[in-house]
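Novice: What follows is a single structure, and I will ask about it in a moment.
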Amino acid sequence: EAERHLAKRKKEKRTKRKLNLRERLKAESRQKKEQGIVLPYKMSEEKKRLRAETQAFLEQRFARGQRIAIDMSFTQKQGLKEVRSLAFQVCQSYFSMKTAPVDVAIHLTSYEGPVFVELEKMRADLWVCGRHPRLLEEVFADELENLVYLSPDAEEVLETIDPSKIYVIGGIIDNTEESFVSKSRAFGLKVKSVKLDLDSVPNIGRYRKSLNVNAVFDILIQSIALGSVKEGIKAGLPSRYFDEKKAPGI
């Protein structure tokens, strides 16, 4: 009985010492944070290895992937709400790329100003992609003939994905749906513009033909993976676009 009581006392003392140590470490941590001292993050060797492998994998994908550029030059005329919305859509596009069944290389042009600030908050500085503060036409000055600008107002329909081309998505967030913005941009650059064939989508009349950046990005990914833009549209768009119960007139 005495031995059990002694063992219990020792255990209580050890527990108390651990709690006191924990509280002391927490207090020291709080004090250092108040003093502006950043504590280093301790990462296990396993996590370091996995992170390094993921980084190498994404770098390989970027090097050999189909190039898709997001033209963010329009943010100069957009408010903070629109800029934040664009940054969120770009972030969604990046994470779609990470899990995509095909290799894709994202290039962000006009990566500066407010959109730069918002994307940096989302840790875009750690992304494996092209981050270019220069304009689209400056980044690809030697390959303007390879640029294909996607615009809902283009006359030509995108039929196939050409691996040698650079497909450009306009970073336009405009609730007023001003027409011909992206087409005018393509015309000014003297580059080809194409549109996605959305007329065959059952419920397109209920929604805007001007899709979000990440929606267009997903369609391009699926088009590459399936070898068909028509099938890519079906796989990339949300199911509500194809729900017969939600079709116009029903």
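Residue numbers (the numbering used here): 930 to 1179.
We put the beta carbon where it would ideally sit given N, CA and C, even for glycine.
For a test of the three-state rule: what should DSSP assign to G1161, helix, strand or coil?
Specialist: Taking the sequence shown and counting its residues from 1, the one referred to as residue 1161 is at position 232. Correct three-state label for G1161: helix.
Novice: Would the stretch 1024–1033 count as touching the stretch 991–999 if we require 3 or more Cβ pairs under 8 Å?
Specialist: At 8 Å Cβ cutoff, the stretches touch.
Novice: Taking only three categories from DSSP, how would you classify Y1040?
Specialist: Residue 1040 sits at position 111 when you count from the first residue of the sequence shown. Looking at Y1040 - three-state DSSP - the assignment turns out to be coil, as it is neither helix nor strand.
Novice: I think Y1096 touches V1077, with their Cβ atoms under 8 Å apart; what is that distance to the nearest whole Å?
Specialist: Your numbering for residue 1096 matches position 167 in the sequence shown. Your numbering for residue 1077 matches position 148 in the sequence shown. At roughly 5 Å, the Cβ-Cβ gap stays under 8 Å, so Y1096 and V1077 are in contact.
Novice: Which residues does DSSP pair with D1000 in a beta bridge?
Specialist: Residue mapping note: residue 1000 aligns to position 71 of the sequence shown, counting from 1. Answer is T1038 and G1099.
Novice: For Q1007, does the count of other Cβ atoms within 10 angstroms reach 16, so buried, or fall short, so exposed?
Specialist: The residue you call residue 1007 lines up with position 78 of the sequence shown. The residue is buried, with at least 16 neighbouring Cβ atoms inside 10 Å.
Novice: Near L1048, which residues of its chain fall below 6 Å by C-beta distance, leaving aside the five closest residues on each side in sequence?
Specialist: The residue labelled residue 1048 in the question sits at position 119 within the sequence shown. So the list reads A1016, once near-sequence residues are dropped.
Novice: Express the C-alpha separation of K1124 and I1085 in angstroms, rounding to a whole number.
Specialist: Along the sequence shown, one-based indexing puts residue 1085 at 156. Along the sequence shown, one-based indexing puts residue 1124 at 195. A quick correction: the sequence has Glu, not Ile, at residue 1085. For E1085 and K1124, the distance between alpha carbons rounds to 6 Å.
Novice: Let's test the definition: count the other Cβ atoms within 10 Å of the Cβ of K1195 and tell me whether it reaches 16, buried, or not, exposed.
Specialist: Nothing about residue 1195 can be read from this structure; the chain reaches only from 930 to 1179.
Novice: Between I1153 and G1165, what straight-line distance do the alpha-carbon atoms span, to the nearest angstrom?
Specialist: Within the sequence shown, the letter at position 224 stands for residue 1153. Within the sequence shown, the letter at position 236 stands for residue 1165. C-alpha separation (whole angstroms): 11 Å.
Novice: Leaving out five residues before and five after L1009 in sequence, what residues of the same chain have Cβ atoms less than 6 Å from its Cβ?
Specialist: The sequence position of residue 1009 within the sequence shown is 80, counting from 1. Same-chain partners within the cutoff: there are none.
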